[in-house]
Structures are given as C-alpha cells and as structure tokens.
Amino acid sequence: TMVRIHKSGVRAVAWLAAVACLAACNVPSDVDLPVSSEQPSDLTALAPTDLPPQPKTLIVCVGDEPESLYLYSPLRLYGDASRETDTVLQAIYDGPFDLLGYEPQATILEKAPHLDDGDARLEAVSVREGDVYLNPETLQPDELGYGKRYLPSGCSDLVCGQEYQGGQVQMDRMVVDFHLLPNVRWSDGQPLTAGDSVFSFSLDADAATPTSKYLVNRTFSYEAVDDRTVRWTGIAGFLDPEYASNFWSPLPRHVLGAIPVAELAENESASLRPLGWGPFVLESWQPGVEIILHRNPEYFRAAEGLPPIEFLVYRFVGGQTNAGVQQLLTGECDVLDETALSDADLPELVEQANAGRIRLLSTPGPLVERIEFDLAPVAAAFNPVALADTRRALAACLDRQAMLDEVLFGLGAISNTYLPPSHPLAAADIAGVTYDTMAAEALLDQVGWVDDDGDPNTPRLAQGVSGVPGGTPLSLSYLAEDDPFHRAIAERLQSDWAACGIDLQVELRPAAELLAPWPDGPIFGRTFQTAGWSWLGLGSPACEVFASWEVASNDNPYGSNASGFRNRDYDQACAASLLGLPGSEATAAAARRTQEIIAEEIVALPLLARPRLVATSPQVCGVSVDASSPSQLWNPESWDLGEACAPAP
C-alpha cells in the first residue's frame, strides 16, 4: 500500500488437527455414533487422491516483527520495522495505488488522475492578505503578506514572481478528482466509500496524530463529492508534481470512527487487527513468530480467481546474516523479503541462485550511493577538494564498473546523476566522468598535486594548488556508515585512489552519529572532506539537497544541503523544477539542468544505484520486483506456488 505522508495457519492447523483426531483419537463414551451391523461386501480402500486437498499456503520471511499495523502509528511510520510493516500491509490493503516505474498505478480507483484528462486541473483563485499560499522562495506554506513573493496566475517560475502590495491577487491552485471503483468492500462486507478516505484524511490532519503534515499543510480542502468521488484542492501556488497520488488511503469509519484519535495508535482494531479491502484478512498474530492471514472472500478481484493462495504467513527471521537464506533453502520460507536480507547475504544469494536452488529477482533501485564533497568546511584551514578539477580527477581515478562487479556482484547499476538511472527524469545522456587514470594524473599535475618522488606508495604533494599550503600531501578522509557495504566501498576507494597518488583515511561510524543535524553531526555540520551515503530518488527530483536555501546553519539547522554548495543558476533551475507545472517540458528541462550543473561542477560523485532484491523458492511464481515500489512484495494477490507455476511444455 502507498500512503502519502510528504503508501495460513490457524485455520490450516485446525483442519490438520481435526484430520489427525479422526484418525487417532478415542471417541468419548457418551457420544452415540450410528453403527451399521452389516458390512459392505466390497470394501474399497480410500485413495490418497480422495482426501480433501490441503489449503495452499505460502510463507514469506521478513526481517523484524511489525510494531503496529495502524497507518498513522509513529511505530509504523518511523519504527525499526517500518518496511516490514509496509510489506504486511500489502496483503491487507491493495493500494490505493501501486507505485510502479515511479508512477502511481490505481488499484481501487478508476484511474490515476492526470492533467491531460480533466480529472486534474488548475484553477485561478483570488488570494488576499492573510490567506495561506505556498511561498515560492521558501517552498513552505505561508500567509500572504505585504512584500512577500508570490507567483501570479499563469506563472510557475521565480523569474515571473511578484511582490504582494495588498488587495486581491490571482494565483493558481490544483484541483484533483479521484473516482473509486464500484463494489469495493471492506473485508466485513461493508461498502468502502469516499467518506472513508475523508475520514482517513481527518485522522492524518489531527494534531494528536504524529505524522509529518507535509501534504496536510498544503491542502486547502479534501472532501467527498459523492459516495465514490473525492476531491483534493491544494493551497494557492502549490502545483504538486505528485498530485496523482493525493488520495488518502481509506480507513473504516464504521469501525474506528467512535474511537478518540489519540487512542487509535493503541487500539487493537487499528493496530493489531486492521480491517482492509485487500486480498487477505488478518487471522492471527503470534508475537515474535508470525502473522497469519487468510483469503478475503470480499476481495473486489475475487471473480478473477485472486488470490490463488488461501493462507499467507509472514514469519519473522531477524537480521542475522544468512538466517533467511538458510530458511529459504530448507523450505521454511517460500519467499524471502528484502527486509530479511543484508549486504553480507549477497554472495550466498548469488551462489545459490547460480546453482538453481533459489530464484533471485533483482532490479536497480532508487537508492543512489554517492560521495559527497565538503565544499564549505566550517573550521578547516584549507580545503583539498575545493577545486572542481581536483574532484574531476578523483572521479576519473575511480573504476565504478569494477566497484559494481566486486561489491554488488554486477547487480544494481552505475548512476551518472543524483537520480537513479531508472527515474523518468534522469538525464540518460549525461555520461559522467570516464575512468582514465592517465587523464586523472595529468589533471592532478595541472592543478598542482605533484608526484615528486615517483613512489606509488606515497601521496602527491601540493605545489601551487590554489588555497593549499605547499608541501601538503593529497590525503583525504572518508566518512560512512559502519556496515559491510560501505566497508567494501571504502576498500575499493582506497585502492583506486592510491593508484593515482591519493591517500584515503577511512572512518566508519553508526548512522545516527553521522547524520545528526547541524552543528553536531560531522556531515551536516560540515567537518568532513568526503562522505559516502545513499539518497532516495523517488517522485519529483530532490534537487533541494544541493540548493543554497538548504545549506545547514544556525538559522537552518535541519537543512539538507550537506556539501555547502551555492550556485545561483542551480538554485533557479531547482526552483523551476519544484514550482513548475507537473509534467511540462519546462519542468523537465529544469530538472535536467540541475543534473547538468552537478555533473559539471562535480558537487557530488554518483556511484551506484543499489539493487532491490527478493529471493524465492523455484516453486513460487508471480513475484515481481520494481525499482520504485515501497515494498518489493507489492502484489501478493498474484502469487502462486506448486504445479500452477510449472513452465509451459
């Protein structure tokens, strides 16, 4: 299930127990059974094929146990098992959207709205002093006031913005209509209506619900037009590039409506036994062991024979290396979710897949690992990576293809921009810096980093490098999270850069320590030289992470720009990308320009798009991986196993 916040067992055991009891239990003396004194003359043995078939059960192994299944629980949103929770919720809620190929695909709606179809549109609206609008300079909801910048109707760029001088002004806002499919029902048989989505919005908007309020604060109204139609209206000036998914995932008002909002996160009906409309219904939850679900007879796609599986079991295997892989090999799991896999499992997964013992499904994902350069250090006497040519030489000294092959066994993909290569707005023709050590060494010589002794084991020295004292060795520090992936990346960096006369000192720390906000964290506090981390590239490009207005400082301690990069042309392109009409050529061109500037200036060095992985037994079919889906197990209604999965002759 995809929710916008910025989305069998007990019965099977009982059935088997009953069969066992009929075969082996003594009948109580006070029960009368009909007994015939006549024996049939022709006794025929009951053939195994005459026994009732066992219910089709599929076992999914996930990492940690979900802490709550309530959509707006802080445990579900921010807890350690948030990804596992989303995986389980795929079976309880089918949608309301599946995010596939970076685009929302409607499940319980007639379609995803689009500006070209009329169910999404712009309308001019009168705005006066004190009204809420999106401030184009801060990109935050604000109250219109004298001297503040705004975008008049027809304008979607800071260049044509104006300063408010009083009175009424015309601005644009978005209106989007969502139409539910007919006959979608909750698993208790009650109709699912537009009012259930509005009820969900009211819960998300409530101050007692600890959600981010990003979209709530940018919403002018959210209303049910009729039983099957919901209308979202944004605040003036907010042209949301992700408008097509601004539909709040319904919650059952007839079950939860009488419960105080502040109590819902602890209420069993919301957190432990949520009512859904999806292919499965939660049957039991054995803490620390597993969650068991059974087929939903009210599922709106039941007439299609979905789901083929009668019972679905989510088993918790923890994060211990190889634990999930071994259970897959022994048949204790049929499907191994990415939450039960670690970077250290990759060698074993590849080996077992090559041997045909398991199926390994993989696709390059939206997480792009990159090297961040500190371009505005806080307290350093000089900055060895201040010059773009030095950073360009560092890039040319790095063999990213070898890194992909060695660290990720060829899975994933090389990324040349801050967006993953599969993103629809990724500039595919930006080639990145070519691996060429001879060209890199010539460039270092030109900058003034000189190999004065010819010894490959000693770093180059500064001789005329702008801003760097003469004789300073080209020695850099590298900060990253202490995990197997970054340890492997660090080893490759050290090896490749040493070949160009660059010394690299590696320091690996816990993620919470690295990512602490300004001024305490070494990355956002800008006390590093190079840092390795992964950034998520979903939805509209997050160009603001290199924008001047996001540089972390005392005035902006939670700024997301860790590099300190400041560039007026970049800021204008980023603002145009964020403020422009979604889907327009101008907006796409602005997003492309941000990627060009980052590539030209080598503000950061993109490395790899990390792979999304799912492993299954050879008897499972229907599992499909996607780069952008929040969970790789997004379509449990389509899974099957056994003879149904045999290849056609």
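First residue of the sequence shown? That's 379 in my numbering, and the numbers climb one at a time after it. We treat Cβ as the ideally placed atom computed from N, Cα and C, and that holds for glycine. Predicted model, so just to flag it, every value in this text is computed and none were measured.
Please name the residue in S740, G845 and L789 whose C-alpha comes closest to that of A758.
Indexing the sequence shown from 1 puts residue 758 at position 380. The residue from S740, G845 and L789 with its alpha-carbon nearest to that of A758 is G845.
Leaving out five residues on either side along the sequence, give the residues of the same chain with a beta carbon under 7 angstroms from the beta carbon of L634.
For the purposes of this step, residue 634 is identified with residue 256 of the sequence shown, where counting begins at 1. Cβ within range, chain order: L642, S647 and A648.
Do L344 and V639 have their CB atoms nearer than 8 angstroms?
This structure does not reach residue 344, given that the chain is present from 379 up to 1027, and the question cannot be answered.
Beta-carbon proximity list for T485, same chain, < 7 angstroms, skipping 5 on both sides
Taking the sequence shown and counting its residues from 1, the one referred to as residue 485 is at position 107. Only residues of its own chain outside the window of five on either side were considered, and among them D472, G473, P474, F475 and D476 have a CB closer than 7 angstroms to the CB of T485, listed in chain order.
Of the residues A977, A680, F598 and D566, the one placed nearest Y520, counting alpha carbons only:
Position 142 of the sequence shown, counted from the start, is the residue given in the question as residue 520. The sequence as given places Asp at residue 520; Tyr does not occur at that position. Nearest C-alpha to D520: F598.
Kindly confirm or deny that the segment 674-684 and the segment 694-702 touch, where touching means at least three C-beta pairs closer than 8 angstroms.
Taking one beta carbon from each stretch, the segment 674-684 and the segment 694-702 have fewer than 3 pairs nearer than 8 angstroms; the two do not touch.
Minimum length 3: unbroken beta strand (DSSP E) runs contained in the segment 667-731
Listed in chain order, they are 668-673 and 689-694.
Should the segment 877-896 be called in touch with the segment 850-866, which here means at least 3 C-beta pairs below 8 angstroms?
The segment 877-896 is in contact with the segment 850-866.
Under a Cβ-count criterion, where at least 16 other Cβ atoms within 10 Å of its own Cβ denotes burial, should S1009 be classed as buried or exposed?
As a first step, residue 1009 is located in the sequence shown; it is residue number 631 there, counting from the start. By the neighbour-count criterion, in which 16 or more other beta carbons inside 10 Å mark a residue as buried, S1009 falls on the buried side.
Neighbourhood of A602 by C-beta, 7 angstroms cutoff - its chain only, sequence neighbours within 5 removed:
Within the sequence shown, residue 602 is the residue found at index 224, counting from 1. Within the same chain, A572, G573, V576 and V608 come within 7 angstroms of A602 by CB-CB distance, once the 5 residues on both sides are set aside.
From this set, V992, Y600 and Y621, which residue's C-alpha is nearest P628's C-alpha?
The residue given as residue 628 occupies position 250 in the sequence shown. Measuring from the Cα of P628, the nearest candidate turns out to be Y600.
Could you have a look at L772 and say whether DSSP puts it in helix, strand or coil?
One-based indexing of the sequence shown puts residue 772 at position 394. Assignment of L772 by DSSP, reduced to helix, strand and coil, places it in the helix class.
Quick check on T812: does DSSP put it in helix, strand or coil?
Position 434 of the sequence shown, counted from the start, is the residue given in the question as residue 812. It is coil, neither helix nor strand.
Do I792 and L782 have their C-beta atoms within less than 8 angstroms of each other?
Reading the sequence shown from its first residue, position 414 is the one you call residue 792. Reading the sequence shown from its first residue, position 404 is the one you call residue 782. A distance below 8 angstroms separates the beta carbons of I792 and L782.
Since L660 and P630 should fall inside the 8 angstroms C-beta cutoff, what is the C-beta to C-beta distance between them, to a whole number of angstroms?
Along the sequence shown, one-based indexing puts residue 660 at 282. Along the sequence shown, one-based indexing puts residue 630 at 252. That pair is no contact at about 13 angstroms.
Per-residue burial, D949 [other beta carbons within 10 Å of its own, 16 or more giving buried]
Residue mapping note: residue 949 aligns to position 571 of the sequence shown, counting from 1. Buried: at least 16 other Cβ atoms inside 10 Å.
Let me check understanding here. Comparing Cα to Cα, which of G567, P742, L517 and L487 lies closest to L559?
Residue numbering aside, residue 559 sits at position 181 when the sequence shown is read from its first letter. L559 has its Cα closest to that of L487, out of G567, P742, L517 and L487.
Quick one: is E515 buried, meaning 16 or more other Cβ sit within 10 Å of its Cβ, or exposed?
Counting from one through the sequence shown, the residue named residue 515 turns up at place 137. Taking every protein chain shown into account, the CB of E515 has fewer than 16 other CB atoms within 10 angstroms, so this residue is exposed.
At which residues does the alpha helix (DSSP H) containing F906 begin and terminate?
For the purposes of this step, residue 906 is taken as residue 528 along the sequence shown, with counting starting at 1. From DSSP, F906 is part of no alpha helix (DSSP H); its letter is neither H nor E.
Please report the straight-line C-alpha distance between A622 and D829, rounded to a whole angstrom.
As a first step, residue 622 is located in the sequence shown; it is residue number 244 there, counting from the start. As a first step, residue 829 is located in the sequence shown; it is residue number 451 there, counting from the start. A622 and D829: Cα-Cα distance of roughly 56 angstroms.
With 16 other Cβ atoms within 10 Å as the buried cut-off, status of I749
The residue labelled residue 749 in the question sits at position 371 within the sequence shown. Classification for I749: buried.
Around the Cβ of L1011, are there at least 16 other Cβ atoms within 10 angstroms (buried) or fewer (exposed)?
Counting from 1 along the sequence shown, the entry for residue 1011 is found at position 633. When all chains shown are included, L1011 counts as buried.
Terminal residues of the beta strand (DSSP E) in which I437 lies:
As a position in the sequence shown, residue 437 is number 59, starting the count at 1. Membership of I437 in the beta strand (DSSP E) is indicated by the continuous run T435 to V440.
Could you say which of F616, P798, D823 and A1005 lies nearest to F771 if we only look at CA atoms?
Indexing the sequence shown from 1 puts residue 771 at position 393. Note that residue 771 is Ala in the sequence shown, not Phe. Selected option, being the one with the closest Cα: D823.
Closest to G544 by CA distance: which of G523, P588 and L478 is it?
One-based indexing of the sequence shown puts residue 544 at position 166. The option with the nearest alpha carbon to G544 is G523.
Expressed to the nearest angstrom, what Euclidean distance is found between the alpha-carbon atoms of V505 and G525?
In the sequence shown, the residue the question calls residue 505 occupies position 127. In the sequence shown, the residue the question calls residue 525 occupies position 147. Cα to Cα, V505 sits roughly 14 angstroms from G525.
Does the beta-carbon of T812 have 16 or more other beta-carbons within 10 angstroms, so that it is buried, or is it exposed?
Mapped onto the sequence shown, residue 812 falls at position 434. Exposed.
Using CA atoms only, rank isn't needed, just tell me which of V981, P444 and A987 is closest to C921.
To locate residue 921, count along the sequence shown from 1; it is residue 543. Residue V981 is the option with its Cα nearest to C921.
Alpha-carbon to alpha-carbon, A469 and E1015:
For this step, residue 1015 is matched to residue 637 along the sequence shown. For this step, residue 469 is matched to residue 91 along the sequence shown. The C-alpha of A469 is placed about 7 angstroms away from the C-alpha of E1015.
Excluding the five sequence neighbours on either side, which residues of its own chain have a C-beta within less than 6 angstroms of the C-beta of R461, listed in chain order?
By 1-based counting over the sequence shown, the position of residue 461 is 83. So the qualifying residues of the chain are T717.
Y456: first and last residue of the uninterrupted alpha helix (DSSP H) it sits in:
To locate residue 456, count along the sequence shown from 1; it is residue 78. If you look at Y456, you'll find it in the alpha helix (DSSP H) that goes P452 to Y456.
Count the other CB atoms within 10 Å of the CB of S446; is the residue buried (16 or more) or exposed (fewer)?
Start at 1 with the first residue of the sequence shown, and residue 446 comes out as number 68. Buried, since its Cβ has 16 or more Cβ neighbours within 10 Å.
CB contact below 8 angstroms: I613 versus chain B
Looking for chain B here will not work: only one protein chain is present.
Using the Cβ count rule (16 or more neighbours within 10 Å means buried), how would you classify P996?
Start at 1 with the first residue of the sequence shown, and residue 996 comes out as number 618. Exposed: under 16 other Cβ atoms inside 10 Å.
Should the segment 998-1006 be regarded as contacting the segment 729-746, the criterion being three or more beta carbon pairs within less than 8 angstroms?
Taking a cut-off of 8 angstroms on C-beta distances, the segment 998-1006 touches the segment 729-746, as three or more cross pairs fall below it.
What's the call for A900, buried or exposed, on a 16-neighbour Cβ count within 10 Å?
For this step, residue 900 is matched to residue 522 along the sequence shown. Rather than Ala, the amino acid found at residue 900 in this sequence is Pro. With at least 16 other beta carbons inside 10 angstroms of its own, P900 counts as buried.
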